[in-house]
Amino acid sequence: MGANLDFYSTKSYVDAFRKDYDKYGYEGELKTALTTGEGFKSIGVDFLGENETEIGYFSGIFKGNNKSIYNLYINKDVFGEQKYRIALFGASLYGEVQDLSLININYNLKNNDNGASICAITNCLRPGGKVSNVSVTGEIKNIGLGEGSVGACGIICYNQGIISNCHNFANIYAELNDDTLTARLLCRWNFNKSGRSTIYRK
Numbered sequence: 040m041g042a043n044l045d046f047y048s049t050k051s052y053v054d055a056f057r058k059d060y061d062k063y064g065y066e067g068e069l070k071t072a073l074t075t076g077e078g079f080k081s082i083g084v085d086f087l088g089e090n091e092t093e094i095g096y097f098s099g100i101f102k103g104n105n106k107s108i109y110n111l112y113i114n115k116d117v118f119g120e121q122k123y124r125i126a127l128f129g130a131s132l133y134g135e136v137q138d139l140s141l142i143n144i145n146y147n148l149k150n151n152d153n154g155a156s157i158c159a160i161t162n163c164l165r166p167g168g169k170v171s172n173v174s175v176t177g178e179i180k181n182i183g184l185g186e187g188s189v190g191a192c193g194i195i196c197y198n199q200g201i202i203s204n205c206h207n208f209a210n211i212y213a214e215l216n217d218d219t220l221t222a223r224l225l226c227r228w229n230f231n232k233s234g235r236s237t238i239y240r241k
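Structure representation (structure tokens):
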């Protein structure tokens, strides 16, 4: 990143009113598409196919250069669809994310398998998966309406990689509407956590 990015500010876009991003799944004016409706689409494939064989991943190096991303908005309801794992990056991270602040994120999820600020899984199938010097503020919410489980996580939900000097200050909220559901509020291995974490069962 060469500069801070604020999804709500037209100054963060080359052209906030472009309408030709339909090939990336955005309809209408770009700024409006990123801040309303389903909002931002995870980098990399964000769903699991049959038997969890179609797992998307990011394998590059994302250098935040100590910059900040403000007001990242994701609103995803996948009731009756495939399981999704929602984050800045898609289902799995085999690459690196470093030196980045996510400020005032707003993830409003329903029926997602896992939701996390950076990525749901690191390093689950091949070497890699490093997250360092990342901090997060805002809110991550995941509401389960059917059978299965939901997860809401500060940085990473399942970590098999290396996480260092990362801090979660986001409020984490998981709501379960069925006794068979479980919540996983995980901020696991090598990073600090604060903010409010809540499990609510109706």
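First residue of the sequence shown? That's 40 in the numbering used here, and the numbers climb one at a time after it.
Here a beta-carbon is modelled for each residue, glycine too, at the ideal position from N, C-alpha and C.
Cβ neighbours of residue i in the same chain (closer than 8 Å, five flanking residues each side left out)
i: Gln-33; result: Beyond the ends of the chain as shown, which are 40 and 241, falls residue 33; an answer cannot be given.
i: Tyr-65; result: Ala-72, Leu-73, Lys-80
i: Asn-110; result: Asp-45, Phe-46, Tyr-47, Thr-74, Ile-142, Asn-143, Ile-144, Asn-145
i: Glu-68; result: Ala-55, Phe-56, Arg-57, Lys-58
Closest residue to residue i among the options (Cα-Cα distance)
i: Ser-107; options: Glu-135, Ala-55, Asp-45; result: Asp-45
i: Leu-139; options: Asp-116, Lys-62, Ile-194, Tyr-112; result: Ile-194
i: Leu-132; options: Ile-201, Ala-191, Gly-190, Lys-149; result: Ile-201
i: Val-53; options: Asp-61, Lys-62, Lys-70; result: Lys-70
i: Gly-154; options: Thr-49, Cys-205, Ser-98, Ile-211; result: Ile-211
i: Cys-192; options: Cys-205, Ser-156, His-206; result: Ser-156
i: Glu-214; options: His-206, Ser-98, Ile-179, Cys-205; result: Ile-179
Host alpha helix (DSSP H) of residue i (start-end)
i: Leu-139; result: It is not in any alpha helix (DSSP H) - Leu-139 instead sits in the beta strand (DSSP E) that spans 135-149.
i: Thr-71; result: 69-74
Nonlocal neighbours in the same chain, by C-beta distance under 6 Å from residue i, ignoring five residues either side
i: Ser-51; result: Leu-44, Asp-45
i: Asn-28; result: Limits of the chain in this structure are 40 at one end and 241 at the other, which puts residue 28 out of reach.
i: Met-40; result: Gly-103, Asn-104, Lys-106
i: Thr-92; result: Because Thr-92 sits at a pLDDT of 49, beneath the cut-off of 50, its placement in the model cannot be relied upon, and the following sentence gives the value as read from the coordinates. There are no such residues.
Span of the beta strand (DSSP E) around residue i
i: Lys-169; result: 169-183
i: Asn-104; result: 100-109
i: Asn-43; result: Careful: Asn-43 lies outside any beta strand (DSSP E) and carries neither H nor E.
i: Lys-58; result: Per DSSP, Lys-58 belongs to no beta strand (DSSP E) and is neither H nor E.
i: Lys-115; result: 112-116
i: Ile-157; result: Run containing Ile-157: none; DSSP gives neither H nor E here.
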